[in-house]
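Okay, so here's the structure we're looking at.
In UniProt numbering, the protein residues as written are 1 to 247.
Structure representation (structure tokens):
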């Protein structure tokens, strides 16, 4: 799969069919991952995604941590508001130990959080024994693509080290290999269940299939989720991992 140009990563570029597919895959991954019984879920995605609403509609109570640096339209989140509590905070100090059943760290939040080790340790602290975390990060594939676009060739061989990549907007993202993502989770005291690219189907393949028959989206999503590219960090702009707290 060829890396997606950086200007497309916010979903506002020309890859409309691919992002439709990407969002459908992410939603179905979450559907399959969510606890079967009503649970308390902490969403760390900073108000950037629809994860809290999806979890609430599935019958869970959600604590959504909002980013102080971003303006969030809470009026658009009124559906399911009885099950979603919004908190603005810089960290998880407001939560006691072992107080939530699951944690969502979507929207690349652990790549945006450069002190990811400390953040994941806090995630492990607030999880109840047996609780799970779903984590999405930027991949080395993405990081190397951005560095190549910036002609930062001297950094492309440093894949064994922490890769911090400057974006055109001035932000910095931390990109992970599958091994580094495993180390992050294990270092926090979690047991890794699986690590995989979010998608392995290329934008060109998705565009071709959906262009031929828009009704094939369900088939494409099922094909993606039935693939098992565990620990394959040679494809995909994002990696997704599921981990469980011992106990």
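The beta carbon of each residue, even a glycine, is placed where N, CA and C say it ideally should be.
Here the structure is a predicted model, which means the values were calculated and not measured.
Under a Cβ-count criterion, where at least 16 other Cβ atoms within 10 Å of its own Cβ denotes burial, should residue i be classed as buried or exposed?
i, result
"residue 120", "buried"
"residue 106", "buried"
"residue 62", "buried"
"residue 43", "buried"
"residue 196", "buried"
"residue 51", "buried"
"residue 212", "exposed"
"residue 245", "buried"
Can you give me the C-alpha to C-alpha distance between residue i and residue j, rounded to a whole angstrom?
i, j, result
"residue 92", "residue 113", "13 Å"
"residue 19", "residue 98", "36 Å"
"residue 26", "residue 233", "17 Å"
"residue 47", "residue 103", "14 Å"
"residue 235", "residue 141", "7 Å"
"residue 209", "residue 29", "21 Å"
"residue 180", "residue 83", "34 Å"
What is the DSSP secondary structure of residue i, reduced to helix, strand or coil?
i, result
"residue 234", "coil"
"residue 196", "strand"
"residue 1", "In this prediction, residue 1 scores a pLDDT of 36, lower than 50, which makes its location untrustworthy; no coordinate-derived value is stated."
"residue 227", "coil"
"residue 113", "coil"
Quick check: residue i and residue j, are their CB atoms within less than 8 Å of each other?
i, j, result
"residue 137", "residue 110", "yes"
"residue 241", "residue 135", "yes"
"residue 139", "residue 41", "no"
Name the DSSP beta bridge partners of residue i, please?
i, result
"residue 245", "190"
"residue 141", "The partner list for residue 141 (beta bridge, DSSP) is empty, contrary to what the question assumes."
"residue 176", "139"
"residue 132", "102, 244"
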